[in-house]
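**Student:**
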Amino acid sequence: MFDVCLRVSLWAGFLWLFLSGLCCAQSETTSPEYRQLRDQSGRVIDARILEVDNNRVTLEQRDGKRVTLPITTLSQTDREFLVAFARQRSEETADMDWPRFRGPTGMGISPATGVPVEWGREKNMRWKTALPGAGASSPIVYGDRVFVTYYTGYSVPGQPAGSLEQLRRHLIAVRLSDGQVLWEKSIPARLPEEERIREHGYAASTPVADAERVYVFFGKSGVFAFDHDGNQLWNADVGSGTSGWGSAASPILYKDLLIVNACVESGSLVALDKRTGELRWQARDIVESWSTPVVIKVPTGRDELMLPMLRTLVAFDPESGRRLWWCRTEINWYKVPSVVSADGVVYCLGGRAGIASLAVRAGGSGDVTSSHRLWVSTNGSNVSSPIYWEGYLYWAHESRGLVYCVNAATGEVVYAQRLERARQIYASPVLAEGRLYYVTREGKTFVLAAKPEFQLLAVNDLSDGSVFNASPAVVQNCLLLRSDKYLYCIAENP
Numbered sequence: 312m313f314d315v316c317l318r319v320s321l322w323a324g325f326l327w328l329f330l331s332g333l334c335c336a337q338s339e340t341t342s343p344e345y346r347q348l349r350d351q352s353g354r355v356i357d358a359r360i361l362e363v364d365n366n367r368v369t370l371e372q373r374d375g376k377r378v379t380l381p382i383t384t385l386s387q388t389d390r391e392f393l394v395a396f397a398r399q400r401s402e403e404t405a406d407m408d409w410p411r412f413r414g415p416t417g418m419g420i421s422p423a424t425g426v427p428v429e430w431g432r433e434k435n436m437r438w439k440t441a442l443p444g445a446g447a448s449s450p451i452v453y454g455d456r457v458f459v460t461y462y463t464g465y466s467v468p469g470q471p472a473g474s475l476e477q478l479r480r481h482l483i484a485v486r487l488s489d490g491q492v493l494w495e496k497s498i499p500a501r502l503p504e505e506e507r508i509r510e511h512g513y514a515a516s517t518p519v520a521d522a523e524r525v526y527v528f529f530g531k532s533g534v535f536a537f538d539h540d541g542n543q544l545w546n547a548d549v550g551s552g553t554s555g556w557g558s559a560a561s562p563i564l565y566k567d568l569l570i571v572n573a574c575v576e577s578g579s580l581v582a583l584d585k586r587t588g589e590l591r592w593q594a595r596d597i598v599e600s601w602s603t604p605v606v607i608k609v610p611t612g613r614d615e616l617m618l619p620m621l622r623t624l625v626a627f628d629p630e631s632g633r634r635l636w637w638c639r640t641e642i643n644w645y646k647v648p649s650v651v652s653a654d655g656v657v658y659c660l661g662g663r664a665g666i667a668s669l670a671v672r673a674g675g676s677g678d679v680t681s682s683h684r685l686w687v688s689t690n691g692s693n694v695s696s697p698i699y700w701e702g703y704l705y706w707a708h709e710s711r712g713l714v715y716c717v718n719a720a721t722g723e724v725v726y727a728q729r730l731e732r733a734r735q736i737y738a739s740p741v742l743a744e745g746r747l748y749y750v751t752r753e754g755k756t757f758v759l760a761a762k763p764e765f766q767l768l769a770v771n772d773l774s775d776g777s778v779f780n781a782s783p784a785v786v787q788n789c790l791l792l793r794s795d796k797y798l799y800c801i802a803e804n805p
């Protein structure tokens, strides 16, 4: 017993030393960010740890060069440190980034503090960066880099009409601290393309990033992976279909997979190897779905990949693409909003006609419509995804200017309040510090208290003569907004 206690005590002390930045000579910390790691031959690598993933570590050296190594090539001391580092980052710091559509979990919630309630063209405007083209995709943030896509050359609002042959999609990297554009990459369209994309144009899918790569989805033109310096690593074809509504679903990462809803392009849900772009699995018969998939963990510990589509909510095994269960939704048209979940329950809404929302208990098998569907309501949203917070659901109806608060346990509407002169809302809300941020297509942001009574805290107007379709990103103390003309960083003035 004494031996066990001694070993536990020694390990706890050893772990505390590492996590405090104090290390023995074999792995000396040289600055708050950089440390000296040693491989098994004794060679020293002076670098900053970016990510530990699947027994590999990604490091950034002092010259900015990034390198990915198998953890097994490092010394035993450093291997043990990296295990502790990965655990702590997962539990405490992963949410500091906004690496995908609707944030780290896809639920639209940020742990950030100090995010402004009020702003204007001067007040709390940290920077504003002009965008050469338009797009409905949301900005994402990884480290000190903001990634966003746009399109040029054809059917850009406020610019010459151009031609499909001139159509290009672009990915740019912008420095979070000052808005400086670091690099830009252009991808030509795979023709023929739709001659008219309604409402949101040719760059609607939000990128997703990890420590090594940034992944973008440009419909029939394909899926592309870049490193953080803008070098293209691979591209993959997921189908050649098009739609008058274009592509809108955003890719997500799950372990070593990049998962793409390619309903428009091939009627399928596709998983690619994130390192190579090779196909790992493909689930077919995906119908009328523009929704971004979400992975949830059910109370049994199983991961389920949720994707709503025409009349049905389906749960897939994210490792294999196998259908686990499905539930009838009563939503009789296409699906755009992503689901949210809490405590083993999935909340789904959507529909342009026959609009509805519902709650389904996850973790079932086969058809669970009778056994797991908890409630159905005729209230919902066609485009904007909801927020779950402390037992309530919040969302905006895009064309009625209404915001809803709904009891998540029963589906009962607590309030349905019309926002004054809100017009249309396509962006999904975000939540930070108990506040909801709703962005209208005209550039107004309504800030509401996230509680079961309507309380308007502020209305902020950044209208710039273009359209705001993108959902906001929240990182550190910053709110990132995107229009067809500009990328804005809102933060408290020093």
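The sequence shown begins at 312 in our numbering and counts up one residue at a time. All C-beta atoms, glycine included, are put in the ideal place defined by N, C-alpha and C. Computed from a predicted structure; not experimentally measured.
#1: Using only the alpha-carbon positions, how far apart do Ala573 and Ser652 sit?
#2: Express the C-alpha separation of Trp700 and Asn718 in angstroms, rounding to a whole number.
#3: Mark Pro805 as exposed unless 16 or more other C-beta atoms lie within 10 angstroms of its C-beta, in which case mark it buried.
#4: For the structure I just gave you, are there three or more beta carbon pairs, one from the segment 678-688 and one from the segment 594-613, closer than 8 angstroms?
#5: For the putative contact between Ala781 and Arg793, defined by C-beta atoms under 8 angstroms, what is the C-beta separation to the nearest angstrom?
#6: Do three or more CB pairs link the segment 406-418 to the segment 380-391 at distances below 8 angstroms?
#7: Which of the three DSSP states, helix, strand or coil, is assigned to Gln477?
#8: Between the C-alpha atoms of Thr340 and Val525, what's the straight-line distance to the nearest angstrom?
#9: Excluding the 5 residues flanking Gly578 on each side, which residues of the same chain have their C-beta closer than 8 angstroms to its C-beta?
#10: Please go through the same chain and pick out, in chain order, the residues whose beta-carbon is closer than 8 angstroms to the beta-carbon of Thr611, but skip the five residues on each side of it.
#11: For a quick check, are the C-beta atoms of Ile451 and Pro518 less than 8 angstroms apart?
#12: Answer with buried or exposed for Arg373, where buried requires no fewer than 16 other C-beta atoms within 10 angstroms of its C-beta.
#13: Could you compute how far the alpha carbon of Tyr797 sits from the alpha carbon of Ala515?
#14: Going by other Cβ atoms of all chains shown within 10 Å of its Cβ, with 16 needed for buried, is Ala760 buried or exposed?
#15: Report all residues from its chain with a CB closer than 6 angstroms to the CB of Leu790; omit the five preceding and five following residues, and keep chain order.
#16: I'd like to know whether the C-beta atoms of Asp408 and Gly454 end up nearer to each other than 8 angstroms.
#17: Sort out for me which residues DSSP pairs Trp636 with in a bridge.
#18: Could you have a look at Ala395 and say whether DSSP puts it in helix, strand or coil?
#19: Taking Cβ positions, are Ala484 and Leu493 nearer each other than 8 angstroms?
#20: Rounded to the nearest angstrom, how far is the Cβ of Ala423 from that of Asn788, given a contact under 8 angstroms?
#21: Hey, quick one: how far does the alpha helix (DSSP H) through Val575 stretch, first residue to last?
#22: Going by beta carbon distance, what residues of the same chain come within less than 8 angstroms of Gln543, once the five residues before and after it are set aside?
#23: Given this structure, state the Cα-to-Cα distance separating Thr587 from Thr603, to the nearest angstrom.
#24: Bridge partners for Met436 per DSSP, in chain order?
#25: Might you give, ordered along the chain, the residues of its own chain that have their beta carbon closer than 8 angstroms to the beta carbon of Arg806, omitting 5 neighbours on each side?
#26: I'd like to check one pair, Gly712 with Gly691: are the Cβ atoms closer than 8 angstroms?
#27: Considering just the uninterrupted stretch of the beta strand (DSSP E) at Glu701, what are its terminal residues?
#28: CB Arg413 to CB Ser739, shorter than 8 angstroms?
#29: State the DSSP-derived secondary structure class of Ser602, mapped to helix, strand or coil.
#30: What separation, rounded to the nearest whole angstrom, lies between the Cα atoms of Ser710 and Ile736?
#31: Tell me, which residues are paired with His708 by DSSP?
#32: Under the three-state reduction of DSSP, which class applies to Cys335: helix, strand or coil?
#33: Quick one, which of Arg349, Gly722, Glu576 and Val650 has its alpha-carbon nearest Glu505's?
#34: Measure the CB-CB distance between Tyr565 and Pro619 and report whether it falls below 8 angstroms.
#35: Determine whether the beta carbon atoms of Gly464 and Gly512 lie at a separation below 8 angstroms.
#36: On the DSSP letters alone, give me the boundaries of the beta strand (DSSP E) that Tyr658 sits inside.
**Tutor:** The answer reads as follows:
#1: When rounded, the distance between both Cα atoms is 23 angstroms.
#2: Computed Cα separation, rounded: 10 angstroms.
#3: With fewer than 16 other beta carbons inside 10 angstroms of its own, Pro805 counts as exposed.
#4: No contact exists between the segment 678-688 and the segment 594-613.
#5: Their Cβ separation, rounded to whole angstroms, is 4 angstroms, which keeps Ala781 and Arg793 in contact under 8 angstroms.
#6: Result no; under three Cβ-Cβ pairs closer than 8 angstroms.
#7: Looking at Gln477 - three-state DSSP - the assignment turns out to be helix.
#8: The pLDDT assigned to Thr340 is 32, lower than 50, so where the model puts this residue is not dependable; a value taken from the coordinates is nonetheless given after this. For Thr340 and Val525, the distance between alpha carbons rounds to 29 angstroms.
#9: Here the set comprises Gly550, Gly552, Arg595, Asp596, Ile597 and Val598.
#10: Residues Gly674 of the same chain have their beta carbon placed closer than 8 angstroms to that of Thr611, with the five preceding and five following residues left out of the count.
#11: Yes, the pair counts as a contact, with Cβ atoms nearer than the cut-off.
#12: With fewer than 16 other Cβ atoms from the protein chains shown falling within 10 Å of its own Cβ, Arg373 counts as exposed.
#13: Between Tyr797 and Ala515, the C-alpha separation is close to 15 angstroms.
#14: Its Cβ having fewer than 16 others within 10 Å, Ala760 is exposed.
#15: Excluding sequence positions up to five before and after Leu790, its CB lies within less than 6 angstroms of the CB of Val426, Pro783 and Ile801, all in the same chain and listed in chain order.
#16: Against a cut-off of 8 angstroms, the Cβ pair of Gly454 and Asp408 comes out as a contact.
#17: Answer is Ala626 and Gly677.
#18: Three-state DSSP puts Ala395 in a helix.
#19: Yes, they are a contact pair.
#20: Yes, they are in contact, since the Cβ atoms of Ala423 and Asn788 sit about 6 angstroms apart, within 8 angstroms.
#21: Its alpha helix (DSSP H) spans residues Cys574 to Ser577.
#22: Once the five neighbours on either side are set aside, the close Cβ partners of Gln543 are Lys496, Phe535, Ala536 and Phe537.
#23: When only Cα atoms are considered, Thr587 and Thr603 end up about 22 angstroms apart.
#24: Beta-bridge analysis with DSSP links Met436 to Ile801.
#25: For residue 806 there is no data in the structure shown, the boundaries of the chain being 312 and 805.
#26: No, the pair does not count as a contact, with Cβ atoms beyond the cut-off.
#27: First-last for Glu701: undefined, no H or E at that position.
#28: When the beta-carbon positions are compared, Arg413 and Ser739 come within less than 8 angstroms of each other.
#29: Coil, per DSSP.
#30: The alpha-carbon separation between Ser710 and Ile736 amounts to approximately 7 angstroms.
#31: Partner(s): Leu713.
#32: Confidence at Cys335 is low in this model, with a pLDDT of 35, below 50, so the placement of that residue should be treated as unreliable; the coordinate-derived value is given next. Taken through DSSP and simplified to helix, strand or coil, Cys335 comes out as coil.
#33: For Glu505, the nearest C-alpha among the options comes from Glu576.
#34: Contact: no.
#35: Note that the C-beta distance between Gly464 and Gly512 is not below 8 angstroms.
#36: Tyr658 -> beta strand (DSSP E) spans Val656 to Gly661.
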